[in-house]
Amino acid sequence: MAADHDESTPSDVELRVRAIESVLVEKGYVEAAALDHIVEAHETSIGPHIGARAVARAWVDPDYRQALFADASAAIAPFAHLGRVGDQLIAVENTPDVHNMVVCTLCSCYPWDVLGLPPVWYKSPAYRSRAVKEPRSVLAEFGLTLAPETAVRVWDSTAELRYLVVPMRPAGTDGWTEDQLAELIGRNCMIGVELPTVPTVA
Amino acid sequence: MDGVHDLGGMDGYGPVRAERDEPVFHHPWEGRVYALNTAMSARGVWNIDIGRFAIESQPPRVYTTSSYYELWLAKLEKLVLQYHLAEADELERGHADVPGPEPRFTTADVAGVLARGSFVRSAESGPRFAAGDRVRARNIHPRSHTRLPRYVRNHVGVVERVHDPNVFPDSVVRGDGPQPQWLYTVRFDGEELWGDDAEPDMVVSVNAFEPYLESA
Numbered sequence: 009m010a011a012d013h014d015e016s017t018p019s020d021v022e023l024r025v026r027a028i029e030s031v032l033v034e035k036g037y038v039e040a041a042a043l044d045h046i047v048e049a050h051e052t053s054i055g056p057h058i059g060a061r062a063v064a065r066a067w068v069d070p071d072y073r074q075a076l077f078a079d080a081s082a083a084i085a086p087f088a089h090l091g092r093v094g095d096q097l098i099a100v101e102n103t104p105d106v107h108n109m110v111v112c113t114l115c116s117c118y119p120w121d122v123l124g125l126p127p128v129w130y131k132s133p134a135y136r137s138r139a140v141k142e143p144r145s146v147l148a149e150f151g152l153t154l155a156p157e158t159a160v161r162v163w164d165s166t167a168e169l170r171y172l173v174v175p176m177r178p179a180g181t182d183g184w185t186e187d188q189l190a191e192l193i194g195r196n197c198m199i200g201v202e203l204p205t206v207p208t209v210a
Numbered sequence: 581m582d583g584v585h586d587l588g589g590m591d592g593y594g595p596v597r598a599e600r601d602e603p604v605f606h607h608p609w610e611g612r613v614y615a616l617n618t619a620m621s622a623r624g625v626w627n628i629d630i631g632r633f634a635i636e637s638q639p640p641r642v643y644t645t646s647s648y649y650e651l652w653l654a655k656l657e658k659l660v661l662q663y664h665l666a667e668a669d670e671l672e673r674g675h676a677d678v679p680g681p682e683p684r685f686t687t688a689d690v691a692g693v694l695a696r697g698s699f700v701r702s703a704e705s706g707p708r709f710a711a712g713d714r715v716r717a718r719n720i721h722p723r724s725h726t727r728l729p730r731y732v733r734n735h736v737g738v739v740e741r742v743h744d745p746n747v748f749p750d751s752v753v754r755g756d757g758p759q760p761q762w763l764y765t766v767r768f769d770g771e772e773l774w775g776d777d778a779e780p781d782m783v784v785s786v787n788a789f790e791p792y793l794e795s796a
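Here it is, written out as structure tokens:
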């Protein structure tokens with residue numbers, strides 16, 4: 009992380025943040041320790057490992073797979089931090105015929121309770137502007153070139169529904185355990201801009 | 581509003597640049613801004629769409645040159661002042677003159693804000709559209725908040741799925757309360773949206789509230 013200013017000299021933004029935090033704490037609206045806990049939960053407990061567990065389970069357990077597509081909020085809750093997932097979470101399935109990708113053109117809507125807070129690129133004007141107009145070009149920039157016969161389905165999250173892409177299980181993973189499979193499933197696969205790949209053994 | 585936040589289909593923003601092994605927060609102040617917004621939202625004085633409108637209504641020059649969490653800071657400052665939870669001179673000095681009203685957000689409240697809130701409500705009547713119906717996104721341009729992106733307005737799509745009624749963002753931000761509306765997934769073919777310039781074999785869907793749609 010490159011510091012763009014002297015560590016001992018806070019930036020204008022840092023000063024504004026300190027000021028508003030001090031005021032809101034002194035007003036009695038928030039306890040500073042509660043803020044620490046919110047930051048800590050997002051830095052340590054809420055992340056893409058939650059979604060990855062669900063996808064891996066769906067790959068090995070047909071009943072779970074059915075439950076995930078019927079009600080993703082309920083199906084993922086057992087894997088979530090404190091067992092909590094917001095409602096109206098929808099799992100969408102990649103197939104040889106259709107590849108799914110998720111965007112929020114209007115702001116930054118994202119299933120953060122199962123994938124963690126969104127990466128900067130997901131919130132960037134470049135992704136938000138282009139995903140709905142030139143999805144294949146955007147995917148190519150992530151190194152994913154789709155076959156011409158595979159349709160692209162873009163889900164613009166314009167309301168309080170959230171989407172989780174369930175990628176196809178990669179070839180060469182027969183007999184793998186759920187834990188091993190979960191390791192293959194990165195955040196970007198569940199946004200729909202990458203595919204899980206099996207590392208080549210050296 | 582037809583603001584700079586409504587980015588779908590805009591050109592000129594360049595390639596998508598993904599960072600390897602990106603941290604959750606790039607600077608400690610980003611985490612504080614995120615946590616302050618989360619804790620203050622829990623008071624229920626404003627809702628998520630009032631927060632979004634506070635960002636969308638930043639001057640375009642500010643919106644386009646601010647980082648994500650800089651916009652969240654601007655949103656929090658704006659809402660705290662708008663709802664008189666603090667005064668401008670207090671924010672300037674970084675000290676509160678007088679304590680504010682209850683409640684206080686404490687560590688006991690943290691678990692309650694670590695999942696997304698629910699916006700599902702009951703509606704007074706049944707849904708107007710069913711899966712398979714052809715619908716046109718209305719050509720609306722409200723000056724206030726809306727969740728119908730410009731790139732689908734006046735275009736024809738197909739209802740794919742009917743969801744539960746949800747709190748209607750446009751109404752909440754106007755100050756008219758939740759007025760729950762049926763919510764649909766509506767899919768549009770690439771050619772319908774982008775004509776001959778569409779990439780091959782692409783479909784885009786949005787979630788559209790019933791007042792955004794008319795039969796086609």
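Protein chains in written order, with the working numbering: chain A, 9 to 210; chain B, 581 to 796. Quick reminder that beta carbons are idealized off the backbone N, C-alpha and C, glycines included.
- Contact note: Asp121 of chain A reaches chain B through Leu694, Ala695 and Arg696, using a C-beta cutoff of 9 Å and chain order.
- Taking a beta-carbon distance threshold of 9 Å, Ser16 of chain A does not count as an interface residue toward chain B.
- Within 8 Å of the CB of Ile54 of chain A, the CB atoms of chain B belong to Leu694, in sequence order along the chain.
- With 16 or more neighbouring CB atoms inside 10 Å of its own CB, Tyr792 of chain B falls in the buried class.
- In the structure shown, Arg741 of chain B adopts extended strand secondary structure according to DSSP, grouped into three states.
- Judged by their CB atoms, Ser145 of chain A and Arg136 of chain A are not nearer to each other than the 9 Å cut-off.
- For Asn196 of chain A, the uninterrupted alpha helix (DSSP H) run begins and ends at Arg195 to Ile199, by DSSP.
- For Arg612 of chain B, the uninterrupted alpha helix (DSSP H) run begins and ends at Pro608 to Ser621, by DSSP.
- Per DSSP, reduced to three states, the secondary structure at Gln638 of chain B is coil, with no helix or strand assignment.
- Leu189 of chain A has its alpha-carbon roughly 12 Å from the corresponding atom of Asp69 of chain A.
- Shown here, Val753 of chain B sits in a helix according to DSSP, grouped into three states.
- In this structure Gly91 of chain A is not in contact with Asp121 of chain A, their Cβ atoms being roughly 11 Å apart against a cut-off of 8 Å.
- From the listed residues A:Val21, A:His50 and A:Val25, the smallest Cα separation to His675 of chain B is found for A:Val25.
- In the DSSP assignment, Gln761 of chain B is bridged to B:Asn746.
- Contacts between Pro86 of chain A and chain B, judged by CB atoms closer than 7 Å, are missing: the closest CB pair is about 14 Å apart.
- Non-local beta-carbon contacts of Pro640 of chain B in its own chain, meaning distances under 8 Å to residues more than five positions away in sequence, involve Gly583 and Val584 in chain order.
- Listed in chain order, the non-local C-beta contacts of Ala80 of chain A below 7 Å within the same chain comprise Leu97, Ile98, Ala99 and Leu172, local neighbours out to five positions each way being set aside.
- His606 of chain B is not a Cβ neighbour of Val31 of chain A, given a cutoff of 9 Å.
- Taking a cut-off of 8 Å for Cβ pairs, the stretch 34-54 of chain A and the stretch 685-705 of chain B touch, as three or more such pairs fall below it.
- Distance check between Glu602 of chain B and each of A:Phe87, A:Val111 and A:Glu51 places A:Glu51 closest, using alpha-carbon atoms only.
- The three-state reading of DSSP puts Ser81 of chain A in helix, counting H, G and I together.
- Judged by pairs of C-beta atoms under 8 Å, the stretch 145-159 of chain A touches the stretch 99-113 of chain A, as three or more such pairs exist.
- Between Val110 of chain A and Val174 of chain A, the C-beta spacing is not below 9 Å.
- Identification of residues in the stretch 771-784 of chain B having a C-beta nearer than 9 Å to some C-beta of chain A yields Leu773, Trp774, Asp777, Ala778, Glu779, Pro780, Asp781, Met782, Val783 and Val784, given in sequence order.
- As a beta-bridge residue in DSSP terms, His107 of chain A pairs with A:Val160.
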